[in-house]
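Asks: Residue numbers (the numbering used here): 1 to 135. My questions all concern the structure below.
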């Protein structure tokens with residue numbers, strides 16, 4: 001009877017040991033899976049951090065480009081205003097030149113008219129002088 005109980009106890013111990021070994025094996029596999037999952041998560045987090053750094057650098061670069069574009073836009077606007085002012089001044093000068101040319105034309109015409117009058121007067125004088133010489 002004692003021997004049967006010892007055998008039964010040994011059998012239960014062996015069964016329990018097998019169950020414990022199976023549980024430990026499952027736990028080892030689960031732990032291994034958890035370690036692998038944590039390692040994958042760590043790698044993913046590191047890649048995300050690197051990507052975030054690259055995105056931050058790209059945003060900084062874009063921000064610098066935007067500042068440069070704004071500066072260039074300001075310079076272009078200033079240059080356009082200056083060019084507009086110069087164009088207005090050129091237009092005023094052209095109008096002044098046009099008025100001067102018109103005055104010169106009028107004065108030239110007056111000179112031509114005066115010259116024609118003088119020529120006619122000179123011809124009359126010549127005719128009078130010839131009349132007196134003939135008499």
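From the three backbone atoms N, C-alpha and C, an ideal C-beta is built for every residue, glycine too.
#1: Once DSSP output is grouped into helix, strand and coil, what is the label at residue 1?
#2: Just how far apart, CA to CA, sit residue 48 and residue 63?
#3: Whole angstroms is fine: what's the gap from residue 66's alpha carbon to residue 86's?
#4: Rounded to whole angstroms, what's the CA-CA distance from residue 76 to residue 68? Just pull it up for me.
#5: Please report the distance separating the alpha-carbon of residue 2 from that of residue 21.
Replies: Quick answer:
#1: In this structure, residue 1 counts as coil in the three-state DSSP scheme.
#2: Residue 48 and residue 63 have their C-alpha atoms roughly 22 Å apart.
#3: The alpha-carbon atoms of residue 66 and residue 86 are separated by roughly 30 Å.
#4: The straight-line gap from Cα to Cα measures roughly 12 Å.
#5: Approximately 28 Å, taken between the alpha carbons.
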